[in-house]
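First residue of the sequence shown? That's 0 in numbering that gives the first Met the number 0, and the numbers climb one at a time after it.
Ideal placement from N, C-alpha and C gives every residue a C-beta, glycine not left out.
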Amino acid sequence: MLKYVGFVFALIVTIALCVGLNRPIKTSSSTLPPLGSLLSPATGFWQNAERHRKSNQKINLEGLSGDVKVVYDDRLVPHVFADTDLDAMRVQGYIHAQHRLWQMDISMRATGGQLAEIMGPDLIARDKSQRRLGFDYAADKAVKAWQQNPETFAYIEAYRDGINDYIATLSPRDYPLEFKLLNYKPTPWTIKKTAIFIKSMAQTLCFREDDLEASNALRHFGPETFEFLYPEWNPKQSPIIPTGTDWNVNITAPEEEGLTPSKNVYGYRPYDKPDPFLGSNNWAVSGDKTASGNPILCNDPHLSLTLPSIWYEIQIKTPNMNSYGVSLPGVPGVIIGFNNDIAWGQTNVGHDVTDWYDIQWTNESETKYMLDGEETPVEWRIEKINVAGGEPIIDSVKYTKWGPVVHTEGGYEGMALRWIAHDITGDAELQTFIGLNQAKNYDDYSEALTHYVSPAQNYVFAARDGDIAIKVNGKLPIKRRGQGRFVQDGSTSENDWQGFIPMDEVPQVKNPARGFVSSANQHSTDPSYPYYYNTEGFEDYRGRILNEKLSAMDNITVEDMMALQNDTESIKAREVLELLLPLVADTEEAQRESSIYNALSNWNFNYARDQAAPIFFDVWWSTFYKQTWDEVYQANEEYPVLYPESWRTIALIEEEPEHTFFDHQETVEVETVKEIAQQSFNTMIEKVNSMKEEKDELRWDDYKKTKIRHLGQISAFASEVLEVGGKGDALNAISSTNGPSWRMIVELGEKVTAYGVYPGGQSGNPGSRFYDDMVDDWTNGDYFQLKFVDSPDELATDITLTQSFK
């Protein structure tokens, strides 16, 4: 009898474990996936370990008009050979989903406000913020616009169908690992999801503004001091379009707008602004400056460093195109790349296309507001937010003439958002990339760019026939001088944008006399350009050093361009140390700590990974800056205000060393730049000596701690701290979290040769050897020659996998 009792007890325990381990586990802060299914050998994470790859796979896709062959090379780069463009787009969708499905899904959810649906109530506030900022609304408008152009829409439909073809093949055992860890399953892809993904790039690249901070600073300091602290033009700036360019522009400039302090005080933002150090470099040199006589084009977009990587490398060959480059999982086509005749690349423009407006409400419930002397009702948009483990949340968002009322607890009370990404962006926006993929010359490139709207990009161009060019391309508002720097009065339509700069009048240049075109997120033009534009601050150093170095170069080779993309020299460090070092040279501290002083004196201003001098400078400069602008930091304790740019600080050192801003108001002594330089130098020494007590060797890479994070913040799937140099104001602009997300160099000779690398790998599966296999090469500044081929036979010795689609 006793043995039966034991058997029954064991059976009950087994059943309880089976039931328990197949239910989500709730903790105090989150919900864990069912451990039973996660640990199951049949369906769990074991199935995501990379298995032996078949040498050939035959895949049946109903509806293809012909056969499609995909050959993967030794880095898992697919080379797609199709008889039609639509078949190629469909197979590209299949391939993107096959290697990056979870990345596509989570990126879309993060932008569209759909994270609570899979992660629970803790993400409701974030989802509300994204919905109130209008991302779902903007995506709906984009889809409706795309539908008006059947030709382009067919490409997007084919791409969507390919994604869903792959999703249909999946059983739970095949789900990407992150789906299993987060305990949810893939859902069918839609055109709207592609639209949301495109809006995520807009959020990253054209959503920055300082309206609240600038308004508070103007109110706090007054117009005269504000103009002194925050001038819009750096006289040392080297703009994208060379000074002296003739403007093919015929406009009547809008009236200038004076600086009128707002009566309101604006509180802290309830969400983080996009990173100010995101940027990019691109340039093209004409054959007159190269050793081979061929044009060379280079591009390295600086974005957040993530695993899986932002980009996915691919070649697409059809009778209409043969393009190679990087694509965005979620969007069809090659975004940055080249074909047999041209190459193209992008950097971010940075013009301010995001403005806030104070709304004059006429009733307590804030459902009506004044506009041009009339009471105007708001329009409502109902946002339904699904919540894992809970009931859906219904959020009613008000829309005004300007855009959504982005009211959240603790921020943006009574204000509405005017943002270019909310506009109908054109019926053929994706035609830009299709056109570039197929382009053969400058005219084709120019025509393709007429379809592009947002986020505005500096499109660099080079062609095998010898032409080089660059266009500051996108839908750019016409503004009165100063308009958009501050929160504006939303009760009058006079404060709206004055239209948009015609596409043939945006800043652009073709075949300039200096023999190169370039951009690095600096000013688009010098002040002679008739149209006013503004931003929260253009990059002041990378553009200068890029133009300086390219001007001095001749007989340029691909190897020279590789070295330039990896260059870590900083003009900012050079200019600062030339001014500050003499001010501390004779001090007792400099003599006592001669190793630190000498390291700075002998430094070549390169942020090399194994050097200590960059640490000394970084600590000294940040301390000096804070001590100089102590009045600004004090104001910021009450409400957010702008901080002066670095170039303005350097100009103050150089031109007005006894200015009152160097004086600390709380001290009896009257400090000048010399006292601040010495005080901050002494503070730097104390901090450096404290670091030395903890580490035997000080290295820039160890201090900077660059790491490639996982999109889901799963530390086990992130990189280790990388041994890499660079700095935001150097061409190799690597910070702790951002950097060159794709380095590409293309020489357009009789046969196109190209080189590239990015910090990651083709696969989104952490269990794959192709997940992060290029990170070390990227870290060391190495490149792969890109296998740009005309037929699958050219890859015979490099094949890792062949897929045949019928």
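Contiguous beta strand (DSSP E) assignments of at least 3 residues, all confined to the segment 214-293: DSSP runs (the beta strand (DSSP E)) wholly in the segment 214-293: 278-284.
Requested in this report: Write down every uninterrupted run of the beta strand (DSSP E) in the segment 524-553 whose length is 3 residues or greater and which is fully enclosed by it, in chain order.
Outcome: none
Considering Q314, what are the terminal residues of the beta strand (DSSP E) in which it resides? Counting from one through the sequence shown, the residue named residue 314 turns up at place 315. Here the beta strand (DSSP E) through Q314 covers Y311 to T317.
Check: Does DSSP put K786 in a helix, a strand or coil?
Finding: Looking up residue 786 in the sequence shown gives position 787. Three-state result, K786: coil.
How about I614 and Y532: are their beta carbons less than 8 Å apart? Working through the sequence shown from its first residue, we reach residue 614 at position 615. Working through the sequence shown from its first residue, we reach residue 532 at position 533. Against a cut-off of 8 Å, the Cβ pair of Y532 and I614 comes out as no contact.
Under the rule that 16 or more other beta-carbon atoms within 10 Å means buried, what is W343, buried or exposed?
Position 344 of the sequence shown, counted from the first residue, corresponds to residue 343. So W343 ends up on the buried side.
**Prompt:** Can you tell which of V557, Y606 and L563 has its C-alpha closest to the C-alpha of S569?
**Reply:** Here residue 569 refers to the residue found at position 570 when the sequence shown is read from its first residue. Minimum Cα distance to S569 is reached at Y606.
P222 versus G243: straight-line alpha-carbon distance, rounded: On the sequence shown, position 223 is the one that residue 222 refers to. On the sequence shown, position 244 is the one that residue 243 refers to. Going by the C-alpha atoms only, they are around 32 Å apart.
| request: Sort A650, W619, K625 and A676 by Cα distance to N688 and report the nearest one. | output: Indexing the sequence shown from 1 puts residue 688 at position 689. The shortest C-alpha separation from N688 is found at W619.
Original post:
Among the residues of its own chain, which have a CB less than 6 Å from the CB of Q813, if the five just before and after it don't count?
Top reply: The question about residue 813 has no answer, for the chain in this structure spans 0 to 805.
- Query: If we ignore side chains and look at the alpha-carbon of each, how far apart do P739 and Y398 end up?
  - Reply: By 1-based counting over the sequence shown, the position of residue 739 is 740. By 1-based counting over the sequence shown, the position of residue 398 is 399. C-alpha separation (whole angstroms): 38 Å.
For this session: Note down the Cα distance separating C205 from R172, rounded to an integer number of angstroms.
Result: Residue mapping note: residue 205 aligns to position 206 of the sequence shown, counting from 1. Residue mapping note: residue 172 aligns to position 173 of the sequence shown, counting from 1. Those two C-alpha atoms are separated by around 40 Å.
*asked:* Spatial neighbours of E446 within its chain, please: C-beta separation below 7 Å, excluding the five flanking residues on both sides.
replied: Residue 446 sits at position 447 when you count from the first residue of the sequence shown. Excluding positions up to five away in sequence, the list reads G434.
* Taking the alpha carbon of F460 as the point to measure from, which residue in T524, A611, N298 and N520 has its own alpha carbon closest? -> Residue mapping note: residue 460 aligns to position 461 of the sequence shown, counting from 1. Answer by Cα proximity: N298.
- What is the residue span of the alpha helix (DSSP H) that P613 lies within? The residue you call residue 613 lines up with position 614 of the sequence shown. Run containing P613: A612 to T627, per the alpha helix (DSSP H) assignment.
Can you look up R742 in the DSSP assignment and give me helix, strand or coil? Numbered from its first residue, the sequence shown carries residue 742 at position 743. Of the three classes helix, strand and coil, the one that applies to R742 here is strand, per DSSP.
Practice prompt. Please classify R591: is it buried, with 16 or more other beta-carbons within 10 angstroms of its beta-carbon, or exposed?
Written response: Working through the sequence shown from its first residue, we reach residue 591 at position 592. R591 is exposed by the Cβ-count criterion.
L75 and F769 - do their beta-carbons sit closer together than 8 Å? Within the sequence shown, residue 769 is the residue found at index 770, counting from 1. Within the sequence shown, residue 75 is the residue found at index 76, counting from 1. Their beta carbons are under 8 Å apart, which means F769 touches L75 by this criterion.
Q) So who's on the other strand from T186, going by DSSP bridges? A) Locating residue 186 in the sequence shown gives position 187, where the first residue counts as 1. For T186, which the question treats as bridged, DSSP gives no partner whatsoever.
Inset, instruction - Could you please give me the residues that DSSP links to Q456 through a beta bridge? - result: Here the question's residue 456 lines up with position 457 in the sequence shown. Answer is N347 and N472.
| request: Pick helix, strand or coil for P758, following the three-state DSSP scheme. | output: For the purposes of this step, residue 758 is identified with residue 759 of the sequence shown, where counting begins at 1. Residue state for P758 is assigned as coil, using DSSP reduced to three classes.
If contacts are defined as beta-carbon pairs under 8 Å, then V745 and I295 qualify, I think. What distance do you get, rounded to the angstrom? The count along the sequence shown starts at 1 and reaches residue 745 at position 746. The count along the sequence shown starts at 1 and reaches residue 295 at position 296. Correct: roughly 7 Å between the Cβ atoms.
Tell me which same chain residues have a C-beta within less than 7 Å of the C-beta of F485, skipping the five on either side of it?
-> Residue numbering aside, residue 485 sits at position 486 when the sequence shown is read from its first letter. So the qualifying residues of the chain are D210, A213, S214, L217 and S261.
V667 vs D700 beta-carbon contact at 8 Å = Along the sequence shown, read from residue 1 onward, the residue named residue 667 stands at position 668. Along the sequence shown, read from residue 1 onward, the residue named residue 700 stands at position 701. Result no, Cβ atoms of V667 and D700 do not sit closer than 8 Å.
Nearest candidate by alpha-carbon position, reference E374, set I384, K127, N362 and P120:
Mapped onto the sequence shown, residue 374 falls at position 375. Closest option to E374, Cα to Cα, is N362.
I'd like the span of the beta strand (DSSP E) that includes G434, first residue to last. Looking up residue 434 in the sequence shown gives position 435. From DSSP, G434 is part of no beta strand (DSSP E) but of the alpha helix (DSSP H) over Q430 to Q437.
*asked:* Please report the distance separating the alpha-carbon of I358 from that of D464.
replied: Taking the sequence shown and counting its residues from 1, one reaches residue 358 at position 359. Taking the sequence shown and counting its residues from 1, one reaches residue 464 at position 465. Near 54 Å, if we compare the C-alpha coordinates of D464 and I358.
Using the Cα positions of R207 and A201, report the straight-line distance between them to the nearest angstrom.
-> Residue mapping note: residue 207 aligns to position 208 of the sequence shown, counting from 1. Residue mapping note: residue 201 aligns to position 202 of the sequence shown, counting from 1. Straight across, the Cα-Cα distance linking R207 with A201 is about 10 Å.
Measure the alpha-carbon distance for T534 versus P791 and round it to whole angstroms.
In the sequence shown, counting from the first residue as 1, residue 534 sits at position 535. In the sequence shown, counting from the first residue as 1, residue 791 sits at position 792. Our two residues, T534 and P791, have alpha carbons roughly 47 Å apart in a direct line.
message = Tell me the residue span of the beta strand (DSSP E) that contains Y356.
response = As a working note, residue 356 is residue 357 in the sequence shown. It spans T353 to D357 - the beta strand (DSSP E) in which Y356 sits, taken as one unbroken run.
*Going straight from the alpha carbon of T799 to that of I555, what length do you get?*
By 1-based counting over the sequence shown, the position of residue 799 is 800. By 1-based counting over the sequence shown, the position of residue 555 is 556. Using only the alpha carbons, I get a separation of about 35 Å.
Alpha helix (DSSP H) containing K478: first to last residue? Within the sequence shown, the letter at position 479 stands for residue 478. Here K478 belongs to no alpha helix (DSSP H), and DSSP marks it neither H nor E.
Q.
I'd like to check one pair, G286 with N520: are the Cβ atoms closer than 8 Å?
A. Sequence index remark: in the sequence shown, residue 520 carries index 521 (1-based). Sequence index remark: in the sequence shown, residue 286 carries index 287 (1-based). Taking 8 Å as the Cβ cut-off, N520 and G286 do not qualify as a contacting pair.
message: Let's see if you can read the secondary structure: which residues bound the beta strand (DSSP E) around M773?
response: For the purposes of this step, residue 773 is taken as the residue at position 774 of the sequence shown. That residue, M773, is in no beta strand (DSSP E); it is neither H nor E in DSSP.
Residues of its chain near P806, where Cβ-Cβ distance is below 6 Å and the 5 sequence neighbours each way are ignored: A query on residue 806 cannot be resolved here, the shown segment of the chain reaching from 0 to 805 and no further.
* Nearest chain C C-beta to Q677 closer than 8 Å, yes or no? -> Protein chains in the displayed structure number just one, and chain C is not present.
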